[in-house]
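What follows is a set of notes on a single structure, which appears directly below.
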Amino acid sequence: MKVTISDVARRAGVSTATVSHTINNTRYVSGETKEKVYAAIEELGYTPDASARSFRTGKKKTVGFIVPDISNKFFGTMIESVENYLSEHGYHLIIANTKENMEREENHLRLLTAGLVDGLLVASTMDDAARFQALIPNGFPVVLVDRIFEDKTYPSICVSNFQPIYRSVCRLAGKGDRRIGIIGGLPRLSSTKERISAYQQAVSDCGLPQDERLIVYGDSMENSAQACLDQLLEQRCDAIIVCQGLMAAESITYLSQKGMQLAKDIDLVSFVDYESNFYQLYSDCMDTIVQPVEELGAAAGEQILARIENPEAPSFEKVLTSAYKPYSSPNQWTISDR
C-alpha cells in the first residue's frame, strides 16, 4: 500500500499541512518539527506526489520541446543540452517530433499547452506566424528555437549564419570559382531564408553569375541531398555550399561514390551542427561553418525557465553566431582515400 502524507503526519505527530509546508518550504516550520517530519518520511519511505504538488503550486516542473526531426543529430545534440540545463534546475523535458509536418506540429501544440507542461520550446516548421499564434493560449510561456517568425511576438534563440555564408562565397570567388551552388533547407523556414539571402548578396557583390538554377532546396531530413547534388552538378558547379549538417554529411558520401575529389574536382562548404569525427576527417579539404549547438540548447533552457517565472516579460531575441573555418592545407585528398 502506498504511503500517504497522512501516514507521515501521524508518525511525526503533526498535521498534514505541516508536512506539506516542510516538504515544499512554503511556510516557517521549526527545526525540531522538521526533524520529526523528515524522520517519518525516511522511516516510511514516503515519496511526495508530484501531481498533487503541481496542483498546489501551479507548476509541473516540466518543459516541452517540439522539434522537426528527432533523428537529426543537430536536434539530438540540442535536446541533450536543453535537458542537461533543465535537470540542473529541477525540471523534466518532454520531446515531440513533427517530422517537418505542420499538421503534426499543430497537434503537439494543442496537446502540450493543455496542461501537460509549464512552457514550450519550439523549433517550428510553420509557414505562418498567425497559424502558430492561434494555437498558443494567452500568456503561455513559449520560446522559439533556431527558427523564428518575422513578427517577433515570441521570444527566440537562434543562430545567425549570414556572415559565414557571405564570407564563404567571397573566399570561393577569390579562389576562382565562378559557378557556386547552394543547397538550402525548406524554403519557408527563417533559417533557410537568411542563408539564401546571404548567398545572393555575396554572389552579387562578387560579380558572380546570378543564376537561380544554382539555388536548390532539400527538406533538411535524411536522403534529401542526393537529388540536390545531381541538379547542381548538371549545372557544372565548381563549388557547393550545403546549409545543413545532415545534408552536408550525405553530400560528402555521395561525392565519394561519384569518385570526386574535394578541393580538386569541386569545392565544398559544409555546415557542422553536431560533434562528429566524420567532419574532422575532411576538415583539411573543405570549408566549414560550425554551429554553436550546445550553447544554443543551454540558452534555450535558460530562457524558457525565465519565461515560466515571468510570462509577461517583454519579448526578446537572442542571436548566437556560427564560426566560419576555411581549410588551409595545401594537400588535395580523394574522399574515398579517407
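Residues 830 to 1167 in this note's numbering are what the sequence shown spells out, letter by letter.
Idealized CB from N, CA, C, for every residue including glycine.
Inset, instruction - Verify whether the separation of the beta carbon atoms of I1169 and I1012 is less than 8 Å. - result: In the structure as shown, the chain starts at 830 and stops at 1167, and residue 1169 therefore has no counterpart that could be examined.
Inset, instruction - Go ahead and pull the three-state DSSP assignment for E1146. - result: In the sequence shown, counting from the first residue as 1, residue 1146 sits at position 317. Correct three-state label for E1146: strand.
Legend entry - Nearest to K1022 (by Cα), restricted to the options K1154, F903, D975: Position 193 of the sequence shown, counting from 1, holds the residue named residue 1022. Considering only alpha carbons, the answer is D975.
Inset, instruction - Report yes if the C-beta distance between P1140 and G968 is below 8 Å; otherwise report no. - result: By one-based count along the sequence shown, residue 1140 stands at place 311. By one-based count along the sequence shown, residue 968 stands at place 139. Yes; because the gap between Cβ atoms is below 8 Å, this pair is in contact.
Legend entry - Straight-line Cα distance separating T954 from F1145: The sequence position of residue 1145 within the sequence shown is 316, counting from 1. The sequence position of residue 954 within the sequence shown is 125, counting from 1. Answer to the nearest angstrom: the Cα atoms are 20 Å apart.
Inset, instruction - Can you have a look at R885 and say buried or exposed, based on whether 16 or more other CB atoms are within 10 angstroms of its CB? - result: The count along the sequence shown starts at 1 and reaches residue 885 at position 56. Any answer about R885 is weak, because its pLDDT of 48 lies below 50 and its placement is not dependable; what the coordinates show is given next. Burial call: exposed.
Inset, instruction - Please check the pair L1043 and C1066, which I expect to be a contact at CB under 8 Å, by giving their CB distance rounded to whole angstroms. - result: By 1-based counting over the sequence shown, the position of residue 1043 is 214. By 1-based counting over the sequence shown, the position of residue 1066 is 237. That pair is a contact at about 7 Å.
Inset, instruction - Tell me whether the beta-carbon of L973 lies closer than 8 Å to the beta-carbon of S989. - result: Position 144 of the sequence shown, counted from the first residue, corresponds to residue 973. Position 160 of the sequence shown, counted from the first residue, corresponds to residue 989. Cβ atoms of L973 and S989: not closer than 8 Å.
Legend entry - Short Cβ contact (8 Å threshold) for G1130 with L915: Here the question's residue 1130 lines up with position 301 in the sequence shown. Here the question's residue 915 lines up with position 86 in the sequence shown. Contact flag set, yes.
Legend entry - Sub-8 Å separation of V832 and G874 beta-carbons: Here residue 832 is taken as the residue at index 3 of the sequence shown, counted from 1. Here residue 874 is taken as the residue at index 45 of the sequence shown, counted from 1. Taking 8 Å as the Cβ cut-off, V832 and G874 qualify as a contacting pair.
Inset, instruction - Output the residue ranges of the alpha helix (DSSP H) runs that lie fully inside the segment 909-950 and measure 4 residues or longer, sorted by chain position. - result: 931-941
Legend entry - 8 Å contact criterion, which S997 and Y1153 should meet: CB distance rounded: Numbered from 1 along the sequence shown, position 168 holds the residue referred to as residue 997. Numbered from 1 along the sequence shown, position 324 holds the residue referred to as residue 1153. Confirmed, Cβ separation roughly 6 Å.
Legend entry - Outcome for D956 when other beta-carbon atoms lying within 10 angstroms are tallied against a minimum of 16: Stepping through the sequence shown from its first residue, residue 956 is reached at position 127. So D956 ends up on the exposed side.
Inset, instruction - Output yes or no for whether 8 Å exceeds the beta carbon distance between Y995 and Q1030. - result: Taking the sequence shown and counting its residues from 1, one reaches residue 995 at position 166. Taking the sequence shown and counting its residues from 1, one reaches residue 1030 at position 201. Taking 8 Å as the Cβ cut-off, Y995 and Q1030 qualify as a contacting pair.
Inset, instruction - Could you tell me which residues DSSP pairs with G1010 in its beta bridges? - result: By one-based count along the sequence shown, residue 1010 stands at place 181. In DSSP, G1010 forms a bridge with I1069.
Legend entry - Exposure label - T851; buried when at least 16 CB within 10 Å: By 1-based counting over the sequence shown, the position of residue 851 is 22. So T851 counts as buried.
Legend entry - Cβ-Cβ distance between M1050 and D898 below 8 Å: By 1-based counting over the sequence shown, the position of residue 1050 is 221. By 1-based counting over the sequence shown, the position of residue 898 is 69. Taking the C-beta atoms as reference points, D898 is found nearer than 8 Å to M1050.
Inset, instruction - Please classify P966: is it buried, with 16 or more other beta-carbons within 10 angstroms of its beta-carbon, or exposed? - result: By 1-based counting over the sequence shown, the position of residue 966 is 137. That one is exposed.
Inset, instruction - Could you tell me how far apart the beta carbons of V1119 and V1098 are, in whole angstroms, since I believe they sit closer than 8 Å? - result: Within the sequence shown, the letter at position 290 stands for residue 1119. Within the sequence shown, the letter at position 269 stands for residue 1098. Actually they do not touch by this definition, with Cβ atoms about 12 Å apart.
Legend entry - Element boundaries [beta strand (DSSP E), containing C987]: Taking the first residue of the sequence shown as 1, we reach residue 987 at position 158. Its beta strand (DSSP E) spans residues 985-989.
Inset, instruction - Give every residue of the same chain whose Cβ lies closer than 6 Å to the Cβ of T1150, excluding the five residues on either side of it in the sequence, and list them in chain order. - result: The residue labelled residue 1150 in the question sits at position 321 within the sequence shown. Closer than 6 Å at Cβ, skipping near neighbours: S989.
Inset, instruction - State the DSSP-derived secondary structure class of G893, mapped to helix, strand or coil. - result: For the purposes of this step, residue 893 is taken as residue 64 along the sequence shown, with counting starting at 1. Residue state for G893 is assigned as strand, using DSSP reduced to three classes.
Legend entry - Helix, strand or coil at Y867 according to DSSP, with G and I counted as helix: In the sequence shown, residue 867 corresponds to position 38, counting from 1. Correct three-state label for Y867: helix.
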